[in-house]
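All remarks here apply to the structure that follows.
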Amino acid sequence: MGEKVTMSKMERIKAALAGEPVDLVPISFWGHNYLKEWTPQGLAEAMLEFQQKYDWDYMKVNPRASYFVEDWGCKFQPSGDPYMSPTSIDYAVKSTQDWARLEVLDPPKGVLAEHLYALQLISEGLRGEVPFVQTVFSPLTIADYLVGRQKESLLTYLREDPQSLHQGLAVIAETYAKYVQLCLERGVSGIFFAISGWASRDLLTEEEYAEFGLRYDLKVLTAIHDGAFFNILHICGNNTYFDLLSNYPAQAINWTVALPGNPSLREGLHRTDKAVMGGVDQNTTLKDGSPEQVVAEVCRAIEQTQGLRLFLAPGCSISPQVPETNLRAARRARDNFGAGKC
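If you use full-length UniProt numbering, the sequence shown corresponds to residues 1 to 342, in order.
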């Protein structure tokens with residue numbers, strides 16, 4: 001037998017996406033830096049520092065979870081606390097008429113332009129050695145933020161004034177179809193397309209999601225699909241419509257396997273031809289558990305999938321309070337499994 005070939009990060013990612021054997025299962029974690037994410041330079045610095053510290057195989061850029069609505073007039077107050085998210089102090093859509101007032105944004109301007117610049121800085125810092133993706137939220141998720149994250153309010157528009165909501169969703173989708181193409185020009189390998197809770201039986205029927213979610217999701221995803229090799233679909237929440245979304249034009253699917261109604265990694269592999277991403281619970285295990293529990297979850301994920309079409313990751317963004325020892329344990333478990341020691 002010959003010596004085991006060591007892959008570059010890019011080779012490892014592409015092999016895992018293709019379902020081919022890898023020297024080591026790709027691994028990465030991501031989370032907010034609530035103090036630095038308010039400027040493009042600060043965001044890029046935080047992402048690059050985190051990457052340098054742990055040497056992940058790929059980077060999911062984690063911008064502040066408000067950048068996508070600020071140019072429409074939503075306002076947020078930074079907490080000034082490294083462990084606390086910003087506070088919403090104003091939102092854009094307060095009446096039916098406000099949906100009609102939304103205009104398609106010009107991404108090279110405003111807050112979106114700042115994040116394009118951050119991507120450029122990150123690309124320069126990674127020097128083509130680490131695949132990276134930008135976080136882009138689904139149009140329905142963005143609509144939720146535009147109404148101040150008041151889900152009952154958005155559900156009222158959806159069921160009692162669908163025409164107005166469709167008008168707003170069309171504007172959002174057109175804006176982000178333009179934005180993702182500009183992300184490609186800044187060097188991203190794809191986008192991390194996040195659907196935050198809406199593709200769930202807990203909120204919508206499957207028919208409702210097909211009408212108000214799927215049609216606008218696809219407008220954004222198809223705008224980047226041909227130029228990207230690493231689009232990730234993130235399905236957040238319980239009881240997700242995994243099968244409905246599994247045919248989206250993406251190369252990997254990320255979800256929290258521990259939540260009710262969601263498939264395991266093994267089940268996910270059988271229900272899609274895409275790579276599966278996850279396996280480590282970001283709260284119970286990574287934030288509040290022991291290093292030994294983290295190791296056990298990493299090893300279980302690899303065993304469930306035989307290490308094929310697998311990307312080790314959290315099911316969602318990790319807390320800033322996750323202990324460094326637990327992140328080190330995840331990385332060490334992945335490395336040891338590759339050496340047959342897990």
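The beta carbon of each residue, even a glycine, is placed where N, CA and C say it ideally should be.
In the same chain as valine 295, and ignoring 5 residues on each side of it, the C-beta atoms closer than 6 angstroms to its own belong to Ala329 and Ala333, in chain order.
The beta carbon of lysine 14 sits closer than 8 angstroms to the beta carbons of Phe229 from its chain, once the five residues preceding and following it are set aside; these are given in chain order.
In the displayed model, methionine 10 falls within a helix according to three-state DSSP. The beta carbons of tryptophan 38 and methionine 59 sit no closer together than 9 angstroms.
A Cβ-Cβ distance of about 7 angstroms is found for the pair leucine 310 and alanine 275, placing them in contact under the 8 angstroms criterion. Contact holds between the segment 81-91 and the segment 139-152, because three or more Cβ pairs, one in each stretch, are under 8 angstroms apart.
Residue burial is scored here from C-beta neighbours: alanine 18 has fewer than 16 other C-beta atoms within 10 angstroms and is therefore classed as exposed. For glycine 190, the secondary structure class from DSSP, reduced to helix, strand or coil, is strand. Shown here for serine 246: same chain residues with a beta carbon closer than 8 angstroms to its own, the five before and five after excluded, namely Ile253, Arg271, Thr272 and Lys274 in chain order. The Cβ atoms of valine 180 and glutamine 134 lie closer than 9 angstroms to each other. When DSSP states are grouped into helix, strand and coil, cysteine 183 belongs to the helix group.
Remark: C-beta atoms of leucine 259 and threonine 175 do not approach each other more closely than 9 angstroms. Sequence-distant Cβ neighbours of methionine 10 in its own chain, meaning closer than 7 angstroms and more than five residues away, are Pro131.
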